[in-house]
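> Protein chains in written order, with this note's numbering: chain A, 1 to 123; chain B, 1 to 621.
Given below as structure tokens:
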């Protein structure tokens with residue numbers, strides 16, 4: 001299961017970022033979110049969401065000892081994993097990276113995405 | 001915590017800055033945003049009559065719930081208005097308010113005047129004064145780009161002025177992003193008078209929520225309910241242009257400076273569907289699930305390569321029909337120009353429309369205008385916008401807004417449609433009597449956002465209206481019956497939503513299914529820990545509105561200024577679906593009586609002492 005992105009539909013409202021941080025941390029901070037919207041707001045007005053693709057072959061863990069299942073599902077990861085993601089999908093802030101744990105099965109970002117830019121996908 | 005956000009007092013004359021806590025008492029009485037802004041402005045309003053005085057405070061205020069998962073994340077910018085000379089206040093969406101909150105602040109009070117052009121840079125509560133000499137004369141997009149490049153990239157949010165604000169055009173806006181604007185009442189000119197080119201902000205602080213789990217659940221439930229409403233669904237697809245069809249079909253559109261009120265079967269030229277070929281998607285302000293804003297691109301034709309966001313219904317009316325201009329591409333381009341220069345599209349259209357009618361009637365001629373002013377002449381409209389922003393030629397006169405009456409002469413006054421020296425907008429209110437009263441009583445002068453009970457145009461059954469408004473209200477748009485109650489009710493609701501940072505389109509505005517006081521009470525409690533009953537929150541709306549009223553009545557505004565343009569009383573609508581509609585002075589006067597009574601103001605519209613006492617305003621002003 002993963003979250004699929006249709007960036008053409010993204011309105012750039014950042015509700016996903018606010019809910020992600022609130023759900024996991026009890027505080028709103030769009031920097032500490034596993035989903036991140038990059039905006040080209042002074043030119044094309046296009047918005048691009050980035051979020052973990054739940055790759056089978058996790059490049060982000062390359063070079064590490066085999067990570068436990070529990071570690072793989074964590075929300076807050078070490079910062080260096082961010083640079084290994086080929087899709088820039090691990091949000092980096094304050095030396096930590098924020099990884100999508102699918103909120104344990106019901107991702108909050110999908111629930112607040114009213115445009116359908118973020119949808120659940122079996123694969 | 002949400003309630004920990006602070007207020008910064010910045011003095012541009014001496015470069016000082018002080019950051020203070022916001023007293024809990026202020027939050028309980030005024031919530032945030034517009035409410036606290038008014039409390040702050042009221043302290044000096046009476047003693048500073050000149051809007052361009054360095055002492056006139058320019059106040060930024062984010063709503064109490066701005067920056068968290070919500071229903072819009074808006075802010076207000078408040079000052080004495082250089083456009084009207086009276087109360088200035090404008091509400092803005094986009095990302096700036098939320099970023100300010102992320103930086104640990106919710107309000108800025110900016111006074112003084114910098115010797116050199118300057119901009120403020122706020123990073124997580126720390127404020128620096130930066131040299132803006134190299135930004136002088138730049139448009140609002142280029143200004144933002146330059147500041148971002150130099151100060152930390154695309155996440156820096158900038159509220160700035162363009163050439164119009166620098167040149168003290170009285171109806172200049174403050175702009176952020178591609179299109180967001182504190183457009184009304186000339187807040188950009190106040191900023192220009194202070195030599196303040198921009199305020200840039202970057203925040204990365206946590207906003208702790210009082211009860212996060214419950215807030216998430218309540219938020220999701222409330223969101224799901226809101227998204228089911230037809231109103232929100234229509235806005236999400238077509239944006240505010242969806243409203244054009246109604247005003248044209250019913251006959252309350254401003255056409256040729258309100259000489260007409262409909263463009264009849266030419267409506268489709270400017271209706272929402274006409275925008276579709278240019279729209280490349282819908283986008284949203286921070287924290288808004290509705291996404292009512294078009295992203296557009298013009299791929300061919302005269303304006304090939306122009307892209308932007310919008311245009312909104314208000315701009316289509318103001319730069320379109322009001323000027324007899326039915327060329328949508330020209331309207332889009334004119335809107336974009338106003339955005340770049342930092343001009344309010346509504347006022348810009350209104351003053352050009354006034355000049356066009358004066359020219360039509362021979363009250364002014366080429367000796368003044370240096371050109372012919374023909375209705376619907378898109379080329380002239382675009383050139384005038386350029387002239388206004390740069391105060392060149394005839395544009396230098398128009399840049400004075402209603403103050404140009406002194407130049408155009410006595411005969412010109414009748415054709416400037418205004419209330420409290422602030423121009424009527426993209427609509428004509430002779431048919432919808434609730435709209436008419438709301439225009440007349442708005443504390444910032446003619447304004448469709450202070451109340452505008454657009455539910456009146458929906459035609460709900462009277463039983464539903466009675467339940468909603470707590471008293472009998474006619475279901476007929478042209479009736480006067482119960483409309484005072486409607487206006488009063490929406491004035492309070494809108495004062496609250498502006499104080500919370502919630503968008504009109506998500507509170508009870510055009511749909512009875514929007515968020516109301518019960519929702520607000522629960523969201524505030526879970527987010528902030530501040531427990532206010534729905535009745536207490538409604539009283540906050542009363543308090544904010546009466547405080548605004550107190551400020552303007554303190555400078556002599558009263559019943560005689562709560563009125564409408566002569567045209568509304570004396571000229572029945574000449575043709576179209578609302579033909580014959582006019583506002584009866586007697587009926588209007590009766591509406592005012594009831595309206596004052598509901599507010600607890602006397603027959604002249606002055607807040608009564610017992611009302612001030614009840615609202616805890618005895619010490620204000």
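Think of the CB as a built atom: it goes at the ideal place given N, C-alpha and C, for glycine as much as any other residue.
#1: I'd like the list of long-range same chain contacts for residue 34 of chain B, defined as Cβ closer than 6 Å, with 5 residues on each side in sequence excluded.
#2: According to DSSP, which residues form a beta bridge with residue 78 of chain A?
#3: Considering only the beta carbon of each residue, do residue 12 of chain A and residue 32 of chain A sit closer than 8 Å?
#4: At a CB-CB cut-off below 7 Å, which residues of chain A make contact with residue 282 of chain B?
#5: What's the gap between the Cα of residue 68 of chain B and the Cα of residue 224 of chain B?
#6: State the Cα-Cα distance for the pair residue 586 of chain B and residue 269 of chain B, rounded to the nearest angstrom.
#7: Taking only the alpha-carbon atoms, compute the straight-line gap between residue 85 of chain A and residue 91 of chain A and give it to the nearest angstrom.
#8: What does the Cβ neighbour count give for residue 95 of chain A, buried or exposed, with the cut at 16 atoms within 10 Å?
#9: Quick one, are the C-beta atoms of residue 63 of chain B and residue 287 of chain B less than 8 Å apart?
#10: Taking residue 203 of chain B and residue 126 of chain B to be in contact with their CB atoms under 8 Å, please state how far apart those CB atoms are, rounded to whole angstroms.
#11: Once you ignore the five residues that flank residue 262 of chain B on each side, which residues in its own chain have a CB closer than 7 Å to its CB?
#12: Spell out whether any CB of chain A is found under 8 Å from the CB atom of residue 67 of chain B.
#13: Where are the beta strand (DSSP E) runs, 3 residues long or more, that stay fully inside the region 178-213 of chain B, in chain order?
#14: In terms of DSSP beta bridges, what is residue 174 of chain B paired with?
#15: Could you tell me whether the region 477-486 of chain B touches the region 434-450 of chain B, where touching means 3 or more Cβ pairs closer than 8 Å?
#16: Looking at residue 289 of chain B: is its Cβ nearer than 8 Å to the Cβ of residue 170 of chain B?
#17: Are residue 111 of chain B and residue 57 of chain B close, meaning C-beta to C-beta below 8 Å?
#18: Whole angstroms are fine: how far does the CA of residue 454 of chain B sit from the CA of residue 229 of chain B?
#19: In this structure, does DSSP put residue 111 of chain B in helix, strand or coil?
#20: Whole angstroms are fine: how far does the CA of residue 285 of chain B sit from the CA of residue 96 of chain B?
#21: Using the beta-carbon count (16 or more within 10 Å), is residue 540 of chain B buried or exposed?
#22: Could you say if the region 395-408 of chain B and the region 335-351 of chain B meet the contact criterion of at least three C-beta pairs nearer than 8 Å?
#23: So, using beta-carbon positions, are residue 568 of chain B and residue 430 of chain B closer together than 8 Å?
#24: When Cβ atoms are compared, which residues of the region 15-35 of chain A fall closer than 9 Å to chain B?
#25: Going by DSSP, what residue range makes up the alpha helix (DSSP H) through residue 484 of chain B?
#26: Chain B partners of residue 111 of chain A, CB-CB under 7 Å?
#27: Is there a Cβ of chain C sitting closer than 8 Å to that of residue 102 of chain A, yes or no?
#28: Give me the Cα-Cα distance between residue 494 of chain B and residue 403 of chain B, rounded to the nearest whole angstrom.
#29: Rounded to whole angstroms, what is the Cα-Cα separation between residue 392 of chain B and residue 120 of chain B?
#30: Near residue 294 of chain B, what residues of its chain come up, given a Cβ to Cβ distance below 7 Å and the 5 sequence neighbours on each side ignored?
#31: Of the residues that make up the region 503-517 of chain B, which ones have a beta carbon closer than 7 Å to any beta carbon in chain A?
#32: Relative to chain B, which residues along the region 44-65 of chain A have a C-beta separation below 9 Å, given in chain order?
#33: Taking the alpha-carbon positions, what's the residue 323 of chain B to residue 375 of chain B distance?
#34: Are the region 191-199 of chain B and the region 131-149 of chain B touching, with three or more C-beta to C-beta distances below 8 Å?
#35: Listed in chain order, which residues of the region 6-39 of chain B have Cβ atoms closer than 7 Å to some Cβ of chain A?
#36: Assign residue 619 of chain B to buried or exposed, taking buried as 16 or more other Cβ atoms, counted over all protein chains shown, within 10 Å of its Cβ.
So, from the listed chains and residues:
#1: 76, 498 and 499
#2: A:96
#3: no
#4: 11
#5: 17 Å
#6: 38 Å
#7: 10 Å
#8: exposed
#9: no
#10: Wrong, their Cβ atoms sit about 11 Å apart, outside the cutoff.
#11: 248, 251, 253, 255, 576 and 577
#12: yes
#13: 180-182 and 196-202
#14: B:182
#15: yes
#16: no
#17: yes
#18: 16 Å
#19: strand
#20: 10 Å
#21: buried
#22: yes
#23: yes
#24: 15, 18, 19, 21, 22, 23, 25, 26, 27, 28, 29, 30, 31 and 32
#25: 483-500
#26: 220
#27: No chain C appears in this structure, whose protein chains are A and B.
#28: 29 Å
#29: 29 Å
#30: 239, 275, 279, 282, 309 and 310
#31: none
#32: 44, 45, 46 and 47
#33: 6 Å
#34: yes
#35: none
#36: exposed
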